[in-house]
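The listed protein sequences derive, respectively, from chains G and C. For the first sequence, position 5 (counting from the first letter as 1) is numbered 5 according to this note's numbering, and the numbering increases by one without interruption. For the second sequence, position 29 (counting from the first letter as 1) is numbered 139 according to this note's numbering, and the numbering increases by one without interruption. All C-beta atoms, glycine included, are put in the ideal place defined by N, C-alpha and C. Since we're looking at a predicted model, the values are computed, not measured.
Number of protein chains: 2
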Amino acid sequence: MGATKTDHFTESQNELAILAKALGHPARIAIMEYLLKVDACICGDIVNELPLSQPTVSQHLKELKNAGLIKGSIEGNSICYCINEPGLEKIKGFFEYISEHLAKKKNECC
Amino acid sequence: MGATKTDHFTESQNELAILAKALGHPARIAIMEYLLKVDACICGDIVNELPLSQPTVSQHLKELKNAGLIKGSIEGNSICYCINEPGLEKIKGFFEYISEHLAKKKNECC
DNA sequence: TATTTATATTGCAATATTACGATATAAAAT
DNA sequence: ATTTTATATCGTAATATTGCAATATAAATA
């Protein structure tokens, strides 16, 4: 085996998993943090920020983009990346939902 | 290659990535949702909720536990699982942090 | 004590991810 | 037109993940 049984889960569960998975690598967390740190969209120089080769960074950027967490537009010579809010809000919503429910019921047993 | 270059990133980045990665599978999203849906900790019957074999579910539970997203305590014959709030709050905080920063700067360029 | 019930571990095959060198592409600068 | 600069894609090796059958463990029950 080895392939995830995507068919057996709801669309929402698969979507959330894709978003979470995209952030399941420190390089991709670092990219998100960097996009946020710099007070603008980043046109270039993401590669220099990370301890990884250019092709590897490019691949990580692609995964974040596919998951809908960042977006990139061609800006002359380079590419301008920034965070894609809708994707981010979707996964943020999942954690808020859990957090709210937990607050309501105050689990006792564990 | 194939191994993540954990050393090159900060502890915080690695921690967040571990938490996100643990949720990067629809079965594990489903487990979290189920733990929340039932108004208590689950002692047993998680296996019957998922379209996966018992060993596979056990493995997914282990991963969520290792990441610090759930906790389980032995309850006689079965094991009682529930959500581990600190782990959840940590990753929730990351998304809130991003969301707040985004609201502040209202990206213009992309 | 033997059996049932609930969960974990082991072992392994199929597939996915990570990383990077080499190479491609395409706009900018010379 | 050629070279430089920025990024993407291809190919591939190393490693990790997914899933399950078989088996182990350990408490509950008969």
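In DSSP terms, what residue i is bridged to
i        : result
Lys214/C : None; Lys214/C has no bridge partner.
Cys153/C : Cys190/C
Residue i - containing alpha helix (DSSP H), residue span
i        : result
Lys111/G : The question about residue 111/G has no answer, for chain G in this structure spans 1 to 110.
Lys21/G  : Glu11 to Ala22
His170/C : Gln164 to Ala177
Beta strand (DSSP E) segment containing residue i, residue limits
i        : result
Ser73/G  : Ile70 to Glu75
Ser188/C : Ser188 to Ile193
Beta-carbon separation (whole angstroms), residue i vs residue j, contact threshold 8 Å
i        : j        : result
Ala130/C : Ala27/G  : About 12 Å separates the two Cβ atoms, so there is no contact after all.
Leu50/G  : Ile83/G  : About 17 Å separates the two Cβ atoms, so there is no contact after all.
Pro86/G  : Gly68/G  : 7 Å
Leu162/C : Lys5/G   : 7 Å
Ile128/C : Ile141/C : No, Ile128/C and Ile141/C are not in contact; Cβ-Cβ is about 17 Å, not under 8 Å.
Glu63/G  : Lys202/C : Contact doesn't hold; Cβ gap of about 22 Å is too wide.
Ile139/C : Leu16/G  : 5 Å
Tyr191/C : Leu171/C : 7 Å
- Task: Mind checking the stretch 20-33 of chain G against chain C and listing, in chain order, the residues whose C-beta falls within less than 9 Å of any C-beta there?
- Result: For the stretch 20-33 of chain G, which is checked against every Cβ of chain C, the residues closer than 9 Å are Ala20, Lys21, Ala22, Leu23, Gly24, His25, Pro26, Ala27, Arg28, Ile29, Ala30, Met32 and Glu33.
- Message: Beta carbons nearer than 8 Å to chain C: which residues of the stretch 62-74 of chain G have them?
- Response: Contact residues of the stretch 62-74 of chain G toward chain C are Lys71, Gly72 and Ser73 (C-beta to C-beta distance below 8 Å).
- Task: Could you please tell me which residues of the stretch 113-131 of chain C, in chain order, have their CB closer than 7 Å to any CB of chain G?
- Result: Listed by position along the chain: Thr114, Lys115, Thr116, His118, Phe119, Gln123, Asn124, Leu126, Ala127, Ala130 and Lys131.
- Message: So if I threshold CB-CB distances at 9 Å, which residues from the stretch 43-55 of chain G count as touching chain C?
- Response: Within the stretch 43-55 of chain G, the qualifying residues are Cys43, Leu50, Pro51 and Leu52.
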